[in-house]
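Residue numbers (the working numbering), protein chains in the order written: chain A, 25 to 495; chain B, 3 to 176.
Cβ atoms here follow ideal geometry from the backbone N, Cα and C, with glycine treated the same way.
In this text, all values refer to a predicted model and were calculated from it rather than measured experimentally.
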């Protein structure tokens, strides 16, 4: 079920002419990050010095309408964590650590064979998971409505993330910020499991024989994996940031980029990952209610900066945290336990069953987020035409489209797109649950009985989204 | 391995981005605010703010809009002067009108600059008012335009305007 070093797919480095040459250039990552850094920097400036009106500020429209849609509906499904390849947030920290933007340093002090500046401390073992990312993302999303409507809030969060990333790069080795702290990285890691592409070793035996381990330890040709994973043993997409360093460092030319079937990785490996899935599905549900539902009071509660209803906000925040951290996990635990009982497999540890079945929320959650994002881009997409011409809402007119009227783009078509997207998510969720049940309970009626409660719960969740989206 | 030339070039590109973008923003801002006949015109920048229902001289942008309530503007011009109001909204659609001078009513949309030109001929105080329901403070969203004589002489006392007291949205800063 999981992608593995031996799994088959289309070797994109062979199939796409020039791709291997491009990805193995040392300047490749710098070349893709720099334009993104320019945009990001401009978004911060626009948030601070531009119009306070969200719909007239590029930092809101480009990030929370355009980027979000491209990220969740295009980048993650098609290209895994390609956002991490181009992300400008760790740029300054990494520049400090490496004291190079393109080249590679070898020697001491440092990590592996690479010379690196900073304290190079190891990240605390107790925090070597995605719990911090879970809580930071949930916290950020609790204030999400203010974040996605107030340019200054977005700008402060962007600048704060860059500052935090830089500070952590100074203290800790490699990309500790990206691996363990970044709130965006957490959900990218989860949903990259569904992606159509993966970086894996071409031949596991070559890796097994390799004594050099340049992909991990670095070398003359590149940096050791900045995400501190062993690329030769990659069997899931979760913690591979697609930085392409392993393609450059491998002395056996044994790392490659492969196209593969959708949702090839299905297993969650820890409670932190399972909780990420619970948090994401809960947030999709909450945002669908707040941003698309007809309930004005809840909308007011979710955005205390609008009317200052802090009491209502406390209620909203409590409900959101309870849903994400207690109610949804409890429902899945109960369904998993029931499944174990129905399958007559009480000898299988509950942790294994719970984590195994939690995997169904990965495709379902991803597709629910895509479905949620479709009307956002259809209804608000025309603001993009305004803000490219007047990015700061200051009365500029760079392209002559600053006064383009707000024009929803076929909003009536949204349900026709949302429903199939949700059904695709449900199909892959059921398939994932069935696959796990077969592996845990054996093929036959036991697997079907074991998978049934989680299948019913997943279907109920999908129906809940359907009701919210199409009424 | 490190190539000094590559690192210098890439470092220069980063610096170019960090310095170039603010420079470009300031340049755009200057050109957007340029008034063709600026030397002969008294330009008054006003921003309408729904929270508190006020017009202000202050430029309300991301970093200051949420921190404090701006000071209410009291524009002063002279008889015979060419006046250009450059109007912005910090939040929602507002209106602008000086009924006694037949200026407006016009809409002020957020994210754009609306310009109004006029030439006052009589000294006095004139009521500026919002003509588009912009929020809870709309009914009290007034300001006063003072028109002095051609050489700055004060206007006659009987032309002094008295605004109704603010009940719903009292002013804090003036």
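Query: Proximity of residue 147 of chain B and residue 128 of chain B at Cβ, strictly below 8 Å; Result: yes
Query: Simplified DSSP state of residue 398 of chain A, which is helix, strand or coil; Result: helix
Query: Residues that DSSP places opposite residue 148 of chain B in a beta bridge; Result: B/78 and B/127
Query: Residues sharing a beta bridge with residue 134 of chain A, DSSP; Result: A/139
Query: Option nearest residue 494 of chain A by Cα separation, candidates A/357, A/372, A/313 and A/378; Result: A/313
Query: Straight-line gap, residue 148 of chain A to residue 265 of chain A (C-alpha atoms, nearest Å); Result: 20 Å
Query: Residues that residue 77 of chain A contacts on chain B, provided the C-beta gap is smaller than 7 Å; Result: 93, 112 and 113
Query: Contact set between residue 4 of chain B and chain A, taken where Cβ atoms lie within less than 9 Å; Result: 123, 124, 126, 127, 128 and 129
Query: DSSP three-state assignment for residue 114 of chain B, whether helix, strand or coil; Result: coil
Query: Inter-stretch contact (C-beta, 8 Å, three-pair minimum) for the region 188–207 of chain A and the region 113–127 of chain A; Result: yes
Query: Short CB-CB distance (under 8 Å) between residue 72 of chain A and chain B; Result: yes
Query: Residue from A/231, A/260 and A/203 with nearest C-alpha to residue 104 of chain A; Result: A/260
Query: Strand pairing of residue 3 of chain B, partner residues [DSSP]; Result: None; residue 3 of chain B has no bridge partner.
Query: Spatial distance of residue 29 of chain A from residue 234 of chain A (CA atoms); Result: In this prediction, residue 29 of chain A scores a pLDDT of 47, lower than 50, which makes its location untrustworthy; the coordinate-derived value is nonetheless stated afterwards. Computed Cα separation, rounded: 15 Å.
Query: Residue 293 of chain A versus residue 214 of chain A: straight-line alpha-carbon distance, rounded; Result: 11 Å
Query: Alpha helix (DSSP H) runs wholly inside the region 59–126 of chain A, at least 4 long, in chain order; Result: 100–103, 106–110 and 115–122
Query: Cβ shell of residue 43 of chain A (< 7 Å), same chain only, five flanking positions each side left out; Result: 36 and 37
Query: Any chain A beta carbon closer than 8 Å to residue 34 of chain B; Result: yes
Query: Cβ-based neighbour list, residue 430 of chain A, same chain, cut-off 6 Å, excluding 5 preceding and 5 following; Result: 406
Query: Cβ-based burial, residue 388 of chain A [other Cβ within 10 Å; buried from 16]; Result: buried
Query: Cβ-based burial, residue 159 of chain B [other Cβ within 10 Å; buried from 16]; Result: exposed
Query: Whole beta strand (DSSP E) elements within the region 230–300 of chain A, 3-residue minimum; Result: 279–283
Query: Residues near residue 50 of chain A in its chain [Cβ-Cβ closer than 6 Å; skip 5 each side]; Result: 126
Query: DSSP three-state assignment for residue 578 of chain A, whether helix, strand or coil; Result: Missing from the structure shown is residue 578 of chain A; chain A here goes from 25 to 495 and no further.
Query: Between the CA atoms of residue 428 of chain A and residue 82 of chain B - distance to the nearest angstrom; Result: 37 Å
Query: Span of the alpha helix (DSSP H), counted from its first residue to its last, around residue 346 of chain A; Result: 334–346
Query: Sufficient close CB pairs (3 or more, under 8 Å) joining the region 397–412 of chain A to the region 57–65 of chain A; Result: no
Query: Chain A contact for residue 176 of chain B (CB, 8 Å cutoff); Result: With a pLDDT of only 43 at residue 176 of chain B, under 50, the local geometry of the prediction cannot be trusted, and the value read off the model is given with reservation. No, no contact with chain A.
Query: Between the CA atoms of residue 206 of chain A and residue 458 of chain A - distance to the nearest angstrom; Result: 32 Å
Query: Residue 30 of chain B: contacting residues in chain A (beta-carbon distance under 7 Å); Result: 420
Query: First through last residue of the beta strand (DSSP E) which encompasses residue 356 of chain A; Result: It is not in any beta strand (DSSP E) - residue 356 of chain A instead sits in the alpha helix (DSSP H) that spans 352–367.
Query: Close beta carbons around residue 357 of chain A, own chain, < 7 Å, minus the five adjacent residues each side; Result: 378
Query: Beta carbon proximity, residue 15 of chain B to chain D, threshold 8 Å; Result: Structure shown: chain D not included; protein chains present are A and B.
Query: Straight-line gap, residue 263 of chain A to residue 141 of chain B (C-alpha atoms, nearest Å); Result: 57 Å
Query: Residue-chain proximity (residue 417 of chain A, chain B), Cβ-Cβ < 8 Å; Result: yes
Query: Delimiting residues of the alpha helix (DSSP H) encompassing residue 99 of chain B; Result: From DSSP, residue 99 of chain B is part of no alpha helix (DSSP H) but of the beta strand (DSSP E) over 96–100.
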